[in-house]
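In what follows, a single structure is set out as structure tokens and then discussed.
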Amino acid sequence: MRRVIQKDLILNRNVILINMSVFAACLAFFAVWPEAFSPRAYAGFSSLMVSFLPVSIVTREDKVRAMALGCSLPVSRRTIVKARFLLALILAFLGVLGAFLLGAFVPFSKFEVGDLFAPGPVLMALAGMTLILSLLLPFTLRFGVQGVMIFLIATQVLGVVLFTTVKVTGSVVDVWLVDGIRGGIARLHEAAGPVGFNFLLAAALVALLWVSYLVSARIFERREL
Amino acid sequence: MNGANAQIKDPITGGIAQGLGDGGALPPAIDVSALRKSYKDFQLDDVSFTLPQGFVMGLVGPNGAGKTTIIKLIMNLIRPEGGRIDLFGLDHRDHEEEVKARIGFVYDVPPLYDDVSLNTTKRAVSLFYEKWNESLFNELAQQFQLPLKKKLKTLSNGMQTKFALALALSHDADLLILDEPTTGLDPVFRRELLHGLSGLLQDEKKSILFSTHITTDLERIADYVTFVRDGRVTLTTNREELMENWGVVRGDETAVARIDPETRRGVRRHAHGVEVLTSDVNAARIACGGDVVVDPASFEDVVVLMEGRDAHA
Chain P
3 MRRVIQKDLI
13 LNRNVILINM
23 SVFAACLAFF
33 AVWPEAFSPR
43 AYAGFSSLMV
53 SFLPVSIVTR
63 EDKVRAMALG
73 CSLPVSRRTI
83 VKARFLLALI
93 LAFLGVLGAF
103 LLGAFVPFSK
113 FEVGDLFAPG
123 PVLMALAGMT
133 LILSLLLPFT
143 LRFGVQGVMI
153 FLIATQVLGV
163 VLFTTVKVTG
173 SVVDVWLVDG
183 IRGGIARLHE
193 AAGPVGFNFL
203 LAAALVALLW
213 VSYLVSARIF
223 ERREL
Chain X
64 MNGANAQIKD
74 PITGGIAQGL
84 GDGGALPPAI
94 DVSALRKSYK
104 DFQLDDVSFT
114 LPQGFVMGLV
124 GPNGAGKTTI
134 IKLIMNLIRP
144 EGGRIDLFGL
154 DHRDHEEEVK
164 ARIGFVYDVP
174 PLYDDVSLNT
184 TKRAVSLFYE
194 KWNESLFNEL
204 AQQFQLPLKK
214 KLKTLSNGMQ
224 TKFALALALS
234 HDADLLILDE
244 PTTGLDPVFR
254 RELLHGLSGL
264 LQDEKKSILF
274 STHITTDLER
284 IADYVTFVRD
294 GRVTLTTNRE
304 ELMENWGVVR
314 GDETAVARID
324 PETRRGVRRH
334 AHGVEVLTSD
344 VNAARIACGG
354 DVVVDPASFE
364 DVVVLMEGRD
374 AHA
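Below, the structure written as structure tokens:
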């Protein structure tokens, strides 16, 4: 697994450096922009941005048709998927950490260190990162660039459908769906307490990531190159 | 074309190479049996052949015959719908890492990152092989005149193949799987490459599966040959068997009609008469007498005559 990660880092070094520079510039801008995000929104946005970095490694491999190289080397497909997940988590985690340090220390930033390095934004970033990677990686490993496009289009369509449904049905969906979820989370928070809730959230994210890995491994083993 | 689709199992080894210097039986480098794979417009059906260790097998057939599909199946890039593939006596999927560590591969289109330098690609690939030989790679790079600092996309197809060959040859692989490696290479380098591959076989355990539609390449180095057409193996045999027993009989319709239909493997009609490919040249010579010309069959004769298209059709 270590060799697969090393291979990906060697072959994608420039892509990683260029993407990180662009992300850093964007995040620095949002950190100093007076009208910009709250710490939680900054955390969510940065997790979204950095999660696309590991995904871009897979899509690039697909784009240059180099997947057959990785699958011809002495390593199983399951190991390739495992390595991709681990690398994705490492890169996203380091990306989020970098984004928080940038947000806290870039000159003229409106965030204090304590604003970002607090349970709320940290959990928001970890949750965002895990959610995006868990949903996006199976698509990417199975369908490559096309998979990312399908995923993005599907989420857009889903958003439009939900928005339209809320508008058409008025408060019905709003009450049943949005309020229902919000109320459920609040009740869970109350019942489990802050520590218990965070533990449950972390457990749910780990479970989601594990299921995503199992699905990805299964479909990548069947992918024809 | 009676019997054109018949398969001939290797009569000498029966699929197992015997005593190659170490006094024991080695499992075949490649043992493919009853392999099946279907696509919308193409079907690979009941493909079986065996390559004993220490030998070169040519996988021959026209474009679109299924050669690349067979190689992709062996490399586990695509999944078979039936059949079995054993490499060095091990199931190719259950022991994927183990068997692939012993394989050097060159595909018709190298699946390499085209926007990174050759040096960077080499660094990434070499990580996977414990037996990677850096000095051998440098020697080959020098011999092939590879510009290691340049990006792959700046190289011609021939140079890209040379780079893929250098990678494949630098980790002491026991089995080389080469898919159309000579396509795009100049004749001088092609001959050097074939000479180099022959040299590699001085180590008696090294084997090569070499797919090509340029049959003259195979005449130089192949010990075994497997002919593929329309997704089926039409013939798999060794070169001695082919040279000794197979032949092309040329004459008129009446004369060649005396050849035993059981031994007829292909027929081609043209303006001056008929050519018949036979798997029993001695019997054909006796049957036809002096009314025909009999020549040994070349690999090209087998491909062309089994194709069965008339020259003036």
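For the protein sequence lines, the chains are P and X, in the order given. Okay, so the first sequence: first residue is 3 according to the working numbering, each after it adds one. Okay, so the second sequence: first residue is 64 according to the working numbering, each after it adds one. All C-beta atoms in this analysis are idealised placements derived from N, C-alpha and C, irrespective of residue type, glycine included. Keep in mind the model is a prediction, meaning the values are calculated, not measured.
Query raised in the report: Since V95/X and F112/X are thought to touch, with beta carbons under 8 Å apart, how far apart are those beta carbons, to the nearest angstrom?
Result: Counting from 1 along the second sequence, the entry for residue 95/X is found at position 32. Counting from 1 along the second sequence, the entry for residue 112/X is found at position 49. 5 Å between Cβ atoms; contact.
Query raised in the report: chain X partners of Q8/P, CB-CB under 7 Å?
Result: Here residue 8/P refers to the residue found at position 6 when the first sequence is read from its first residue. Within 7 Å Cβ-Cβ: L190.
Query raised in the report: Within the 9 Å Cβ cut-off, does C28/P reach chain X?
Result: Working through the first sequence from its first residue, we reach residue 28/P at position 26. So no, C28/P is outside the interface.
Report task. Could you work out which residues of chain X lie near L103/P, taking near to mean beta carbons separated by less than 9 Å? Result -> If you number the first sequence from 1, residue 103/P lands on position 101. In chain order: nothing, as chain X lies at least about 29 Å away.
Query raised in the report: Under 9 Å between C-beta atoms, does T81/P make it to chain X?
Result: Reading the first sequence from its first residue, position 79 is the one you call residue 81/P. Yes, T81/P lies at the interface with chain X (some Cβ there is under 9 Å from its Cβ).
Requested in this report: Look at the Cβ atom of A128/X, then the Cβ atom of V291/X, and state whether they are nearer than 9 Å.
Outcome: Counted from its first residue, the second sequence places residue 128/X at position 65. Counted from its first residue, the second sequence places residue 291/X at position 228. Cβ atoms of A128/X and V291/X: closer than 9 Å.
Query raised in the report: Checking contacts by CB at 9 Å: is R327/X closer than that to chain P?
Result: Sequence index remark: in the second sequence, residue 327/X carries index 264 (1-based). Not an interface residue.
Requested in this report: Quick one: grab the DSSP three-state call for Y44/P.
Outcome: Working through the first sequence from its first residue, we reach residue 44/P at position 42. Y44/P: helix per DSSP, three-state reduction.
Report task. Would you give the residue range spanned by the alpha helix (DSSP H) that G116/P belongs to? Result -> Residue numbering aside, residue 116/P sits at position 114 when the first sequence is read from its first letter. Per DSSP, G116/P belongs to the alpha helix (DSSP H) from 115-118.
Query raised in the report: What three-state label does DSSP hand N126/X in the structure shown?
Result: Residue numbering aside, residue 126/X sits at position 63 when the second sequence is read from its first letter. Of the three classes helix, strand and coil, the one that applies to N126/X here is coil, per DSSP.
**Report entry** Backbone secondary structure at A97/X - three-state DSSP
**Finding:** As a first step, residue 97/X must be located in the second sequence, where it is residue number 34. It is a strand residue.
Requested in this report: Evaluate K225/X with the Cβ neighbour count: other Cβ atoms within 10 Å of its Cβ, from every protein chain shown; 16 or more gives buried, anything less gives exposed.
Outcome: Within the second sequence, numbered from 1, the residue matching residue 225/X stands at position 162. It counts as buried.
**Report entry** Contact between the region 192-200 of chain X and the region 107-119 of chain P (3+ Cβ pairs under 8 Å)
**Finding:** no
Requested in this report: Just grab the DSSP bridge partners of Y287/X for me.
Outcome: As a position in the second sequence, residue 287/X is number 224, starting the count at 1. Answer is M120/X, N301/X.
Query raised in the report: Thinking C-alpha only, which one of L239/X, A346/X, L153/X is nearest A320/X?
Result: The residue you call residue 320/X lines up with position 257 of the second sequence. Ranking L239/X, A346/X, L153/X by Cα distance to A320/X puts A346/X first.
Query raised in the report: Curious, which full-length beta strand (DSSP E) runs of at least 3 residues does the region 323-348 of chain X contain?
Result: 327-333, 336-341
Query raised in the report: For the region 46-71 of chain P, which residues have a CB atom closer than 9 Å to at least one CB atom of chain X, in sequence order?
Result: R62, E63, V66, R67, A68, M69, A70, L71
Query raised in the report: If you measure from the beta carbon of V179/X to each beta carbon in chain P, is any gap under 9 Å?
Result: As a working note, residue 179/X is residue 116 in the second sequence. At least one chain P Cβ lies under 9 Å of V179/X.
Query raised in the report: In chain order, what residues of the region 144-163 of chain X put their CB closer than 7 Å to some CB of chain P?
Result: E159, E160, K163
Query - DSSP state of G352/X mapped onto helix, strand, coil - result: One-based indexing of the second sequence puts residue 352/X at position 289. In this structure, G352/X counts as helix in the three-state DSSP scheme.
Query raised in the report: How is the alpha helix (DSSP H) around G198/P delimited, first residue to last?
Result: Here the question's residue 198/P lines up with position 196 in the first sequence. Counting along the chain, the alpha helix (DSSP H) containing G198/P begins and ends at 182-224.
**Report entry** Reduced DSSP secondary structure (H/G/I, E/B, other) of T228/P
**Finding:** Because residue 228/P is not part of the residues shown, which for chain P are 3 to 227, the question remains open.
Query raised in the report: Between L104/P and I92/P, what straight-line distance do the alpha-carbon atoms span, to the nearest angstrom?
Result: Translated into positions along the first sequence, residue 104/P becomes position 102. Translated into positions along the first sequence, residue 92/P becomes position 90. Looking at the two C-alpha atoms, the distance is approximately 18 Å.
Query raised in the report: Using a beta-carbon distance below 9 Å, is P244/X in contact with chain P?
Result: Here residue 244/X corresponds to residue number 181 of the second sequence, with the count starting at 1. No, P244/X lies away from the interface with chain P (no Cβ there is under 9 Å from its Cβ).
Report task. Taking all protein chains shown into account, decide if P74/X is buried (16 or more other Cβ within 10 angstroms of its Cβ) or exposed. Result -> To locate residue 74/X, count along the second sequence from 1; it is residue 11. Any answer about P74/X is weak, because its pLDDT of 32 lies below 50 and its placement is not dependable; what the coordinates show is given next. With fewer than 16 Cβ atoms within 10 Å of its Cβ, P74/X is classed as exposed.
Query - Euclidean distance between Cα positions of Y170/X and R327/X - result: One-based indexing of the second sequence puts residue 170/X at position 107. One-based indexing of the second sequence puts residue 327/X at position 264. Whole-angstrom Cα-Cα distance: 35 Å.
Query raised in the report: Does I12/P have its Cβ less than 9 Å from a Cβ in chain X?
Result: Along the first sequence, read from residue 1 onward, the residue named residue 12/P stands at position 10. Interface residue, yes.
**Report entry** Amino acids of chain P, ordered along the chain, whose beta-carbon sits closer than 7 Å to that of R186/X
**Finding:** Here residue 186/X refers to the residue found at position 123 when the second sequence is read from its first residue. Residues of chain P passing the Cβ test: I12.
Query raised in the report: Name the DSSP beta bridge partners of R295/X, please?
Result: The residue given as residue 295/X occupies position 232 in the second sequence. Paired residue(s): R292/X.
**Report entry** Secondary structure of S274/X, DSSP reduced to three states
**Finding:** Numbered from its first residue, the second sequence carries residue 274/X at position 211. The three-state secondary structure of S274/X, taken from DSSP, is strand.
Query raised in the report: Which partner residues of L150/X appear in the DSSP bridge assignment?
Result: Stepping through the second sequence from its first residue, residue 150/X is reached at position 87. DSSP output for L150/X lists I93/X, L153/X as bridge partner(s).
Requested in this report: Following the continuous beta strand (DSSP E) through L263/X, name the residue where it begins and the one where it ends.
Outcome: Looking up residue 263/X in the second sequence gives position 200. Element bounds for L263/X: not the beta strand (DSSP E) but the alpha helix (DSSP H), 250-263.
Report task. Alpha carbon to alpha carbon, how far is Y44/P from T81/P? Give it in angstroms, no decimals. Result -> As a position in the first sequence, residue 81/P is number 79, starting the count at 1. As a position in the first sequence, residue 44/P is number 42, starting the count at 1. It is roughly 34 Å from the alpha-carbon of T81/P to the alpha-carbon of Y44/P.
Requested in this report: Take D315/X and list the residues in its own chain whose beta-carbon comes closer than 6 Å to its own, dropping the five residues that flank it on each side.
Outcome: For this step, residue 315/X is matched to residue 252 along the second sequence. If we look at D315/X and ignore the five residues flanking it on each side, its Cβ neighbours are G336.
Query raised in the report: Given 8 Å as the limit, is there contact between the region 148-156 of chain X and the region 289-307 of chain X, that is, 3 or more CB pairs closer than that?
Result: no
Query raised in the report: For the region 111-143 of chain X, which residues have a beta carbon sitting closer than 9 Å to at least one beta carbon of chain P?
Result: K135, M138, N139, L140, I141, R142
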